[in-house]
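Structure first, commentary second.
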Amino acid sequence: MLEREGFVYKESGLGTKALSKKVLEGSIYSYLHKELHIKFGGVFRRVKADLPDEYDQQYLGASETTTILKIEQIVWTNSGVNLEYSRSRNVYSNRSYITVETSH
């Protein structure tokens with residue numbers, strides 16, 4: 001919740017030991033990097049427009065015709081081990097992505 005308004009609805013599974021409530025209330029990624037010394041190797045993201053479901057309407061304040069941005073993500077470590085699978089949904093106007101491609 002951001003100022004008592006839903007911002008994003010996210011379901012996430014992490015391939016790591018159980019996390020404490022303190023870690024979950026803070027930055028999970030900071031904990032993975034600083035405490036567990038896990039380095040990310042890459043990420044796969046699928047971004048898609050979708051129609052709102054009942055959760056989007058209830059928790060994100062979407063109407064029946066509001067466009068929803070749906071993101072499916074897989075994160076892996078620098079050793080190639082899958083670490084996270086997540087799905088998130090948010091109202092189209094609350095999130096955007098910028099893609100930058102470089103040549104090495």
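For the sequence shown, counting from 1, position 85 maps to 85 in UniProt numbering; every step adds exactly one. C-beta atoms are modelled at their ideal positions from N, C-alpha and C, and glycine is treated no differently.
Assuming the contact rule is C-beta atoms closer than 8 Å, Leu-69 and Val-75 should be a hit. Round their C-beta distance to whole Å, please.
On the sequence shown, residue 69 is found 69 positions in, with the first residue counted as 1. On the sequence shown, residue 75 is found 75 positions in, with the first residue counted as 1. The pair is not a contact, with the Cβ atoms about 18 Å apart (cut-off 8 Å).
So, is Met-1 buried or exposed, given that buried needs 16 or more other C-beta atoms within 10 angstroms?
Indexing the sequence shown from 1 puts residue 1 at position 1. Bear in mind that a pLDDT of 47 at Met-1, under 50, signals an unreliable position, so the model cannot answer this.
Among Glu-64, Val-91, Gly-80, Ile-98, which has the Cα closest to the Cα of Gly-15?
On the sequence shown, position 15 is the one that residue 15 refers to. Residue Gly-80 is the option with its Cα nearest to Gly-15.
Bridge partner(s) assigned by DSSP for Glu-11:
Along the sequence shown, read from residue 1 onward, the residue named residue 11 stands at position 11. Glu-11 pairs with Arg-87.
Identify every residue that forms a DSSP beta bridge with Arg-45.
Looking up residue 45 in the sequence shown gives position 45. Per DSSP, Gln-73.
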